[in-house]
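Encoded as structure tokens, the structure appears first; notes follow it.
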Amino acid sequence: MKKIKKILVFMCVLTCVFALTACGNSKAKKASFDYTESDLVSAVTTNTETVAEWEDKTIDDAMEQYDDSDESEAALKKGLEQFKAARKEAGEFVGFYLDKDENPKYTLTEDTDSVTIKLKAQFKKRDVNITYTFGMIDKNLSITSMTYEPKYTIGETMKKAALNTVMGMGTVIIVLVFLSLLIGLFKYVGKAEKAIANKKNSKKDTAVDNTVEQITTKEEIETTNDEELVAVITAAIAASSQTSGDGFVVRSIKRVQNRNWK
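All residue numbers for the sequence shown refer to numbering that gives the first Met the number 0, where the first residue is 0 and numbers rise by one.
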């Protein structure tokens, strides 16, 4: 309940400030709407001091109350989210930098449609730049932008930039190395295809050699059989005629495939 009350108080503060702004003395400037400069600055400081007292859980509860479809509420929600992140980085809020009159130092810029207030606040670990932009929404003066950005030294900024550069270059180098390795593997793909083709051809050649060898072996066996047959016939003729078989000459022997006698 206390958290909800704090949120309601915060909304009431903004409403009262803007109501006073609309009724206050306007300053003739570039903006197309009336506003009081001191009231806008007060809105920024009061808002920041109020949110600085909230815990992160209270900020989360407040963010849930805002409607993203409403431009002003969406800006408040984003601003609270940035404040939460800035406090995590910069530590707890300490106060605003003041001028000689003990008023918060600020700069104001404006154009036709908006007025921007910038302040620098001190947090425990580092300073934070605060920027609020005001404009007319549905004929009401409202917050259109709200940012909290931790301020870094030149050395820290350069260190971050260098780190980002190194990370970017590292990513590019890794991608290039990967592509180089991938391209290098293409030659092995060609060799593998060639080896497979040679293996197939080798199998074909082996099959042909085996076939030729079988044919040659068969012919050798048939020749051997023919020689044995000649010897048997010669011996039979010589025995029947009671003569020597040295003078007999067998011109040729033709095998008959059909062995059925007719």
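Think of the CB as a built atom: it goes at the ideal place given N, C-alpha and C, for glycine as much as any other residue.
Strictly by DSSP, which residues pair up with residue i?
i	result
residue 147	129
residue 183	Paired residue(s): none; residue 183 is not in a bridge.
residue 95	120
residue 142	133
residue 114	109 and 133
For the beta strand (DSSP E) containing residue i, name the first residue and the last one.
i	result
residue 109	105-109
residue 89	Run containing residue 89: none in the beta strand (DSSP E); it sits in the alpha helix (DSSP H), 70-89.
Is it true that the CB of residue j sits closer than 8 Å to the CB of residue i?
i	j	result
residue 106	residue 99	no
residue 51	residue 92	yes
residue 143	residue 134	yes
residue 104	residue 97	yes
residue 125	residue 89	yes
residue 111	residue 41	no
residue 101	residue 29	no
residue 74	residue 145	yes
residue 68	residue 136	no
Please confirm whether residue i has its beta-carbon closer than 8 Å to some beta-carbon of chain B.
i	result
residue 30	This model lacks chain B altogether, as it is built from one protein chain only.
Could you spell out the range, first to last residue, of the alpha helix (DSSP H) harbouring residue i?
i	result
residue 31	Per DSSP, residue 31 belongs to no alpha helix (DSSP H) and is neither H nor E.
residue 63	55-64
Could you check how far apart the C-beta atoms of residue i and residue j are, in whole angstroms? I think they sit under 8 Å.
i	j	result
residue 115	residue 130	6 Å
So, for residue i: in the same chain, excluding its five sequence neighbours on each side, which residues have a beta-carbon less than 8 Å away from its beta-carbon?
i	result
residue 62	76, 79 and 80
residue 27	The pLDDT assigned to residue 27 is 48, lower than 50, so where the model puts this residue is not dependable; a value taken from the coordinates is nonetheless given after this. Counting only Cβ-Cβ distances below 8 Å, and skipping sequence neighbours, we find nothing.
Taking 6 Å as the limit between beta carbons, can you name the residues of its chain near residue i, skipping five residues before and five after?
i	result
residue 120	95, 127 and 129
residue 58	79 and 83
residue 149	85, 88, 89, 125 and 127
residue 178	none
Among residues of its own chain, excluding the 5 on either side of residue i, which ones have a beta-carbon nearer than 7 Å to its beta-carbon?
i	result
residue 113	132, 133, 134 and 143
residue 55	83
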